[in-house]
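Residue 100 is where the sequence shown starts when you use the numbering used here, and the numbers rise one by one after that. As structure tokens, the structure follows; a few thoughts come after it.
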Amino acid sequence: MPAERDHVDGVMAQITGVREEDRVSKALSFRLLRAARLLETELRREFDAFGVGLWEVELLGALKRAGPPYRLSAGQLLDSMRLTSGGVTKRVAGLERKGWVRRDIDPDDRRQILVSLTEEGLTRALEVFGMKTQTEARLLGVLSHAEQDRMNADLRELLLEWEGPDGRA
100 MPAERDHVDG
110 VMAQITGVRE
120 EDRVSKALSF
130 RLLRAARLLE
140 TELRREFDAF
150 GVGLWEVELL
160 GALKRAGPPY
170 RLSAGQLLDS
180 MRLTSGGVTK
190 RVAGLERKGW
200 VRRDIDPDDR
210 RQILVSLTEE
220 GLTRALEVFG
230 MKTQTEARLL
240 GVLSHAEQDR
250 MNADLRELLL
260 EWEGPDGRA
């Protein structure tokens with residue numbers, strides 16, 4: 100038992116009517132949710148300083164990961180972001196208004212729309228992802244490399260069970 104108690108320890112002390120064997124998974128669930136919220140809140144605060152929202156970062160990331168020429172079809176963005184076509188269209192339109200992406204008709208299949216990062220979009224993506232990496236390292240740096248590796252392995256096992264290897268379950 101850790102010397103210091105965290106917020107979840109206090110919540111768990113107040114919870115009754117839960118089987119003893121379920122208390123550990125309940126506490127873990129609370130901690131995962133709380134950690135995810137705190138990480139997301141800090142990242143959103145950092146993104147606000149760049150004038151970019153979390154949803155924009157997700158789309159910029161999908162295009163950046165595609166590699167040069169940083170282009171994906173609308174269908175590929177749908178798969179990558181796991182959104183509806185309307186959701187992707189709205190996000191693309193927002194980034195297009197900022198001048199960070201452009202939409203083109205696929206010359207090989209005129210039914211397809213290709214979404215590409217512009218030079219300005221690539222510059223912005225590199226700035227944002229640099230900041231994101233620094234923020235993650237700062238926040239998670241309280242854990243040793245070995246602790247981060249162990250946590251990654253445990254969470255990978257959990258996500259493989261829940262989502263499967265392609266993350267689509």
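Ideal Cβ positions, reconstructed from N, Cα and C, are used throughout, including at glycine. On a predicted model such as this, the values are computed, not experimentally measured, just so you know.
Just confirm the distance between the C-beta atoms of A224 and K163, as a whole number of angstroms; I'd bet it's less than 8 angstroms. Working through the sequence shown from its first residue, we reach residue 224 at position 125. Working through the sequence shown from its first residue, we reach residue 163 at position 64. So it is a contact: roughly 5 angstroms between Cβ atoms.
L259 - DSSP class collapsed to helix/strand/coil: As a first step, residue 259 is located in the sequence shown; it is residue number 160 there, counting from the start. L259 falls in the helix class under three-state DSSP.
For the structure I just gave you, are there three or more beta carbon pairs, one from the segment 105-116 and one from the segment 177-194, closer than 8 angstroms? no
Around the C-beta of W261, are 16 or more other C-beta atoms found within 10 angstroms, so that it is buried, or is it exposed? Taking the sequence shown and counting its residues from 1, the one referred to as residue 261 is at position 162. Flag for W261 reads exposed.
Could you give the residue range of the alpha helix (DSSP H) that holds S128? Translated into positions along the sequence shown, residue 128 becomes position 29. Taken as a continuous stretch (DSSP letters only), the alpha helix (DSSP H) holding S128 covers 119-149.
Just checking, does the segment 203-210 make contact with the segment 244-254 on the three C-beta pairs under 8 angstroms criterion? These segments do not touch.
Work out the CA separation of H244 and A173 for me, nearest whole Å. Position 74 of the sequence shown holds residue 173. Position 145 of the sequence shown holds residue 244. Using only the alpha carbons, I get a separation of about 38 angstroms.
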